[in-house]
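Visitor:
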Ligand SMILES: Cc1cc2nc3c(=O)[nH]c(=O)nc-3n(C[C@H](O)[C@H](O)[C@H](O)COP(=O)(O)OP(=O)(O)OC[C@H]3O[C@@H](n4cnc5c(N)ncnc54)[C@H](O)[C@@H]3O)c2cc1C
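In our numbering, the protein residues as written are 7 to 356.
(1) Following the continuous beta strand (DSSP E) through residue 103, name the residue where it begins and the one where it ends.
(2) Just to check, is the beta-carbon of residue 160 closer than 8 angstroms to a non-hydrogen atom of ligand 1?
(3) Taking C-alpha atoms, which residue in 140, 88, 335, 87 lies nearest to residue 264?
(4) Are there any heavy atoms of ligand 1 lying less than 8 angstroms away from the beta-carbon of residue 315, as far as the coordinates show?
(5) Among all the DSSP beta bridges, which residues are the ones paired with residue 154?
(6) Could you tell me whether any non-hydrogen atom of ligand 1 is closer than 8 angstroms to the CB of residue 74?
(7) Assuming contact is defined by CB atoms lying nearer than 9 angstroms, are residue 45 and residue 107 in contact in what I supplied?
(8) What are the boundary residues of the beta strand (DSSP E) that includes residue 231?
(9) Does the stretch 202-220 come close enough to the stretch 234-241 to have 3 or more Cβ pairs within less than 8 angstroms?
(10) Can you give, in chain order, each stretch of the beta strand (DSSP E) that sits fully within the stretch 252-291 and has at least 3 residues?
(11) Identify every run of the alpha helix (DSSP H) within the stretch 55-112, keeping only runs that are complete inside it and at least 4 residues long; order them along the chain.
(12) Which ranges would you report for the alpha helix (DSSP H) in the stretch 177-246 if only whole runs of at least 4 residues count?
(13) When the Cα atoms are used, what is the spatial distance from residue 146 to residue 138?
(14) If we count the other Cβ atoms within 10 Å of its Cβ and call it buried at 16 or more, is residue 105 buried or exposed?
(15) Look at the Cβ atom of residue 300, then the Cβ atom of residue 39, and state whether they are nearer than 9 angstroms.
Written out as C-alpha cells, the structure reads:
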C-alpha cells in the first residue's frame with residue numbers, strides 16, 4: 007500500500023488480528039545476496055531471523071547464467087547455483103526461510119507490524135529490508151527468453167563475455183553512456199539505440215560517448231524484436247520517424263533504461279530519493295526509522311553488484327544486532343510496546 011510521505015495509512019493492517027501474531031526478533035525481507043548475507047550474520051548472532059523470499063526467490067541473479075565477478079569462485083558460477091549456496095549457508099546456521107511476499111508494513115511503533123501475502127500478520131523487533139531492484143526491460147517476448155543468453159541489464163556483469171563482438175545498447179541517459187563506454191573495452195563496436203533525437207545524458211557524458219570511435223548512435227530507433235534461438239544473434243529495429251524496419255546482427259543486447267527499486271510498500275515510512283531508493287545514513291544501514299535497516303540494491307543506485315549487496319547485508323545484520331542489544335523490547339509477546347523513537351540513532355561504530 008502506498009503511503010504519502012510522513013503519514014501512515016494502517017487501515018488494511020488494522021483489519022488483521024495481531025494479538026496472536028508470530029513475534030520475531032528480526033525479519034528480513036528478500037532473498038538476494040543482501041538478504042541471505044544478512045540472514046547468515048543474524049543467525050550466527052543467535053537472532054534466529056525469519057526471512058521472506060518474495061516474488062523472486064534468490065533475487066536477480068536467478069535470471070542470469072554465468073557470474074564471473076563474485077570472489078571465491080575462480081571458475082565462475084551459475085547465478086541460480088550461487089544463490090542456492092547463499093541459502094544453504096544461511097539455513098545451516100538456523101535461518102527460518104519461508105516463501106511469501108511482504109505486502110504491507112506498519113513502522114509506527116515496535117514491535118513493527120508486517121503482513122505477508124495480504125493475510126499473515128507478523129511482528130518484528132527489527133526489520134532488514136533487502137528487497138532489491140528490478141532492471142527495466144523492453145517487455146519483448148524474445149528478450150525475456152534470451153536473458154542471460156546475450157540479453158543483459160548489466161554491462162559491468164556481462165560485458166567481458168562479448169570480446170571482439172558487436173553489441174547494442176538501449177538507452178539515452180548517463181548510465182547508458184557509462185555502460186556503452188565500458189563495453190568498448192571489449193566489444194569491437196557498440197551501437198546505442200535511442201528512441202529520441204537527443205540524449206538525456208549529461209553534457210560531459212555525451213561528449214565522451216561522441217568522442218569514442220567505437221560507439222555509433224542510432225537515433226529515433228527502437229528495438230522491436232530480439233533474434234536468435236539459443237543465443238542473441240541480432241535485433242530487429244524500427245526508425246520511429248520513417249517506420250522503416252531492419253535487422254542488425256549483434257551478439258548482445260544491453261538494456262540501460264533504468265532500474266526500479268522494489269520499495270513501494272515502504273513509501274511514507276522510509277526516506278527515499280526521487281527514484282524510490284531507500285536512503286541510509288552514511289556508513290551504515292540505518293534508515294530514518296530506528297530498528298529498520300536497509301541493504302542491497304533497494305538502497306544502492308550506484309554499484310548494484312552482488313558483492314556490494316552482500317556487503318551491505320552484512321552491515322545491516324551487524325547494525326541490527328547492536329541496535330537490538332541496546333533497544334530490547336521488554337515483553338516479547340508485544341504487549342509492552344516501547345515508545346516509538348523519533349530521533350535517528352547514530353550509526354554504530356565499526
Ligand atoms: C541479468 C543480470 C545479471 C547480473 N549479473 C551480475 C553479475 O554477474 N555479478 C554481479 O555482481 N551482479 C550481477 N547482477 C546484479 C546483481 O544481481 C544485483 O546487484 C544483486 O542481486 C542485488 O542483490 P539484492 O540482494 O539487493 O537484491 P535482489 O537480488 O534484487 O533480490 C531482491 C529479493 O527481494 C525479494 N523481494 C522483493 N520484494 C519483496 C517483498 N515485498 N517481500 C518479500 N521479498 C521481496 C525478491 O523476491 C528477491 O528475493 C546482475 C543483475 C542482472 C539483472
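For glycine and all other residues, C-beta sits at the position ideal for the given N, C-alpha and C.
Because the structure is a prediction, the values reported are computed rather than measured.
Guide: This is what the structure gives:
(1) By 1-based counting over the chain shown, the position of residue 103 is 97. In the DSSP annotation of this structure, the continuous segment of the beta strand (DSSP E) that includes residue 103 starts and ends at 102-104.
(2) Counted from its first residue, the chain shown places residue 160 at position 154. At least one heavy atom of ligand 1 is nearer than 8 angstroms to the Cβ of residue 160, so yes.
(3) Against the chain shown, residue 264 aligns to sequence position 258. Nearest of 140, 88, 335, 87 to residue 264, Cα basis: 140.
(4) Within the chain shown, numbered from 1, the residue matching residue 315 stands at position 309. Yes.
(5) Residue numbering aside, residue 154 sits at position 148 when the chain shown is read from its first letter. According to DSSP, which records beta bridges pairwise, residue 154 is partnered with nothing at all.
(6) Here residue 74 corresponds to residue number 68 of the chain shown, with the count starting at 1. Correct: residue 74 has its Cβ closer than 8 angstroms to ligand 1.
(7) Numbered from its first residue, the chain shown carries residue 45 at position 39. Numbered from its first residue, the chain shown carries residue 107 at position 101. Against a cut-off of 9 angstroms, the Cβ pair of residue 107 and residue 45 comes out as no contact.
(8) Counted from its first residue, the chain shown places residue 231 at position 225. Residues 227-233.
(9) no
(10) 258-261, 265-267
(11) 85-98
(12) The qualifying runs are 180-189, 209-217.
(13) Taking the chain shown and counting its residues from 1, one reaches residue 146 at position 140. Taking the chain shown and counting its residues from 1, one reaches residue 138 at position 132. So the two alpha carbons sit approximately 23 angstroms from each other.
(14) Residue 105 sits at position 99 when you count from the first residue of the chain shown. By the 10 Å Cβ count, residue 105 comes out exposed.
(15) On the chain shown, position 294 is the one that residue 300 refers to. On the chain shown, position 33 is the one that residue 39 refers to. No. Outside cutoff.
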